[in-house]
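Take a look at the structure below.
There are 2 protein chains.
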Amino acid sequence: MKLSTKGRYAVMAMVDLARHAQAKPVSLSDIATRQEISLSYLEQLFARLRRAGLVKSVRGPGGGYRLARGSADTRVSEIILAVDEPISATRCTEMGATGCRADRSKCLTHDLWEELGNQIHLFLSSVTLLDVLERKLAPRFIEAPSAANAEPSMAAAS
Amino acid sequence: MKLSTKGRYAVMAMVDLARHAQAKPVSLSDIATRQEISLSYLEQLFARLRRAGLVKSVRGPGGGYRLARGSADTRVSEIILAVDEPISATRCTEMGATGCRADRSKCLTHDLWEELGNQIHLFLSSVTLLDVLERKLAPRFIEAPSAANAEPSMAAAS
DNA sequence: ATTAAACCCGAGCGACGCAGTTGGTTTTTG
DNA sequence: CAAAAACCAACTGCGTCGCTCGGGTTTAAT
Numbered sequence: 089m090k091l092s093t094k095g096r097y098a099v100m101a102m103v104d105l106a107r108h109a110q111a112k113p114v115s116l117s118d119i120a121t122r123q124e125i126s127l128s129y130l131e132q133l134f135a136r137l138r139r140a141g142l143v144k145s146v147r148g149p150g151g152g153y154r155l156a157r158g159s160a161d162t163r164v165s166e167i168i169l170a171v172d173e174p175i176s177a178t179r180c181t182e183m184g185a186t187g188c189r190a191d192r193s194k195c196l197t198h199d200l201w202e203e204l205g206n207q208i209h210l211f212l213s214s215v216t217l218l219d220v221l222e223r224k225l226a227p228r229f230i231e232a233p234s235a236a237n238a239e240p241s242m243a244a245a246s
Numbered sequence: 089m090k091l092s093t094k095g096r097y098a099v100m101a102m103v104d105l106a107r108h109a110q111a112k113p114v115s116l117s118d119i120a121t122r123q124e125i126s127l128s129y130l131e132q133l134f135a136r137l138r139r140a141g142l143v144k145s146v147r148g149p150g151g152g153y154r155l156a157r158g159s160a161d162t163r164v165s166e167i168i169l170a171v172d173e174p175i176s177a178t179r180c181t182e183m184g185a186t187g188c189r190a191d192r193s194k195c196l197t198h199d200l201w202e203e204l205g206n207q208i209h210l211f212l213s214s215v216t217l218l219d220v221l222e223r224k225l226a227p228r229f230i231e232a233p234s235a236a237n238a239e240p241s242m243a244a245a246s
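Chains as they are written, first to last, in our numbering: chain R, 89 to 246; chain L, 89 to 246.
Structure, rendered in structure tokens:
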């Protein structure tokens with residue numbers, strides 16, 4: 089789960105696409121002007137989105153893009169995974185097993201990053217394009233009441 | 089919340105520091121060899137950690153670093169916020185109000201990224217160094233049972 | 001058939017931040 | 001004093017990101 093501005097652009101474009109969905113498909117140049125994103129850059133993003141099966145294209149004049157599935161069945165996590173390639177295995181993260189299993193004490197943090205990735209994916213896959221459009225954010229997560237630590241103070245974070 | 093490998097290194101080093109805490113302070117060169125991180129790079133990270141009040145330094149031979157607070161009172165989120173400077177306000181993210189409020193329709197995704205940031209911070213601030221050491225991960229988050237969407241299927245995501 | 005609108009593709013570029021290096025200076029212990 | 005450590009500042013490869021450029025190819029309107 090990469091989480092760069094590239095993925096953000098893709099989500100912005102997909103939300104725009106879902107918003108202006110009508111009988112006619114939506115052209116990329118329309119999205120480009122509305123969202124102020126470079127047309128060629130959009131083309132690159134949508135090429136990936138199409139390969140991932142998230143959108144369908146209609147060629148020729150009056151053509152454009154349509155959501156492959158409904159806006160309620162397209163999750164934000166899918167968009168980001170389609171656009172950002174799946175990270176380059178820094179140090180020990182993922183990469184299967186090698187290099188990390190060797191010295192367990194060195195990778196105490198491994199579980200932490202893995203669990204963080206899970207949390208992010210869990211959240212993003214709980215939000216659909218329709219949710220964003222209607223500003224109905226997040227089937228809310230609540231903290232387990234049996235949690236040992238986690239003081240609610242949290243005075244840090246500017 | 090930046091979430092780069094820089095922050096990961098910082099957390100790795102802090103976990104190492106917490107693990108080897110004794111009467112004597114821990115020198116950076118010890119951490120450097122154990123965690124295989126460049127010494128000078130560690131110095132830069134710990135300069136920030138010190139300014140953030142997360143560690144205390146002892147100068148001279150036999151000197152090194154100590155946790156400012158206990159390992160149970162140092163949260164992972166604090167470490168990451170200390171080393172990664174607070175993001176560069178891409179497009180509309182944060183930056184107060186300007187450029188985003190103008191055209192509301194353009195920033196439908198704004199709430200989404202904000203909520204995602206909240207989720208990440210919430211998770212990372214629920215984990216202390218002690219939790220990582222003892223592999224007691226995450227005062228677990230559970231999904232609210234009243235959630236409307238969020239099918240548990242989630243067949244996507246390679 | 002012509003033309004224009006739209007998608008498709010690949011090479012390349014400027015800027016930025018990360019990871020690391022060099023080369024010092026202070027401080028403190030022995 | 002000499003050695004060990006924290007401190008400090010500047011600089012440098014290098015990769016990636018966001019984006020441009022310049023071509024295509026396919027389709028539909030006329």
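Yeah, the Cβ is synthetic: ideal placement off N, Cα and C, and Gly gets one too.
Do we get a CB-CB distance below 7 Å when we pair residue i with the residues of chain L?
{"i": "R:Phe211", "result": "yes"}
{"i": "R:Val103", "result": "yes"}
{"i": "R:Ala203", "result": "The question names Ala, but residue 203 of chain R in the sequence shown is Glu. Chain L, which has a Cβ nearer than 7 Å to the Cβ of R:Glu203, makes this yes."}
{"i": "R:Leu200", "result": "yes"}
{"i": "R:Leu155", "result": "no"}
{"i": "R:Thr197", "result": "yes"}
{"i": "R:Leu225", "result": "yes"}
{"i": "R:Ala106", "result": "no"}
Taking only the alpha-carbon atoms, compute the straight-line gap between residue i and residue j and give it to the nearest angstrom.
{"i": "L:Thr197", "j": "L:Leu130", "result": "37 Å"}
{"i": "R:Arg122", "j": "R:Pro113", "result": "15 Å"}
{"i": "R:Leu137", "j": "L:Lys144", "result": "49 Å"}
{"i": "L:Asp118", "j": "R:Ala101", "result": "49 Å"}
{"i": "R:Ser115", "j": "R:Trp201", "result": "39 Å"}
{"i": "L:Glu124", "j": "L:Glu173", "result": "24 Å"}
{"i": "R:Asp199", "j": "L:Thr93", "result": "15 Å"}
{"i": "R:Thr162", "j": "R:Pro149", "result": "27 Å"}
{"i": "R:Ala109", "j": "L:Glu203", "result": "26 Å"}
{"i": "L:Arg223", "j": "L:Ala111", "result": "24 Å"}
{"i": "L:Gln132", "j": "R:Gln132", "result": "38 Å"}
Looking at chain R, is there any beta carbon in it that lies within less than 7 Å of the beta carbon of residue i?
{"i": "L:Leu217", "result": "no"}
{"i": "L:Glu222", "result": "no"}
{"i": "L:Met100", "result": "yes"}
{"i": "L:Gln110", "result": "no"}
{"i": "L:Gln207", "result": "yes"}
Among residues of its own chain, excluding the 5 on either side of residue i, which ones have a beta-carbon nearer than 6 Å to its beta-carbon?
{"i": "R:Val220", "result": "Val103"}
{"i": "L:Met89", "result": "Gly205, Ile208, His209"}
{"i": "L:Ala120", "result": "Leu127, Leu130"}
With 16 as the cutoff for other CB atoms within 10 Å, does residue i come out buried or exposed?
{"i": "L:Val215", "result": "buried"}
{"i": "R:Val171", "result": "buried"}
{"i": "L:Gly152", "result": "buried"}
{"i": "L:Arg96", "result": "buried"}
{"i": "L:Ala106", "result": "buried"}
{"i": "R:Leu127", "result": "exposed"}
{"i": "L:Ser159", "result": "buried"}
For residue i, collect the residues of the same chain with a Cβ closer than 8 Å to its Cβ; drop the 5 residues on either side in sequence, then sort them by chain order.
{"i": "L:Val164", "result": "Val99, Leu212, Ser213, Val215, Thr216, Leu217, Val220"}
{"i": "L:Val146", "result": "Pro113, Gly152, Tyr153, Arg154"}
{"i": "L:Glu239", "result": "Low per-residue confidence applies at L:Glu239: pLDDT is 41, beneath 50, and the placement is therefore not dependable, though the value from the model is reported in the following sentence. If we look at L:Glu239 and ignore the five residues flanking it on each side, it has no Cβ neighbours."}
{"i": "L:Gly141", "result": "Ala156"}
{"i": "R:Glu166", "result": "Ala140, Leu142, Ser213"}
{"i": "L:Phe134", "result": "Ala101, Leu116, Val143, Ser145, Tyr153"}
{"i": "L:Ile168", "result": "Met89, Lys90, Leu91, Gly95, Ala98, Val99, Leu212"}
{"i": "L:Leu225", "result": "Val215, Asp219"}
Indicate, with yes or no, if the ligand NAD has a heavy atom lying under 6 Å from the CB of residue i.
{"i": "R:Val143", "result": "The ligand NAD is not part of the structure shown, which contains no ligands of any sort."}
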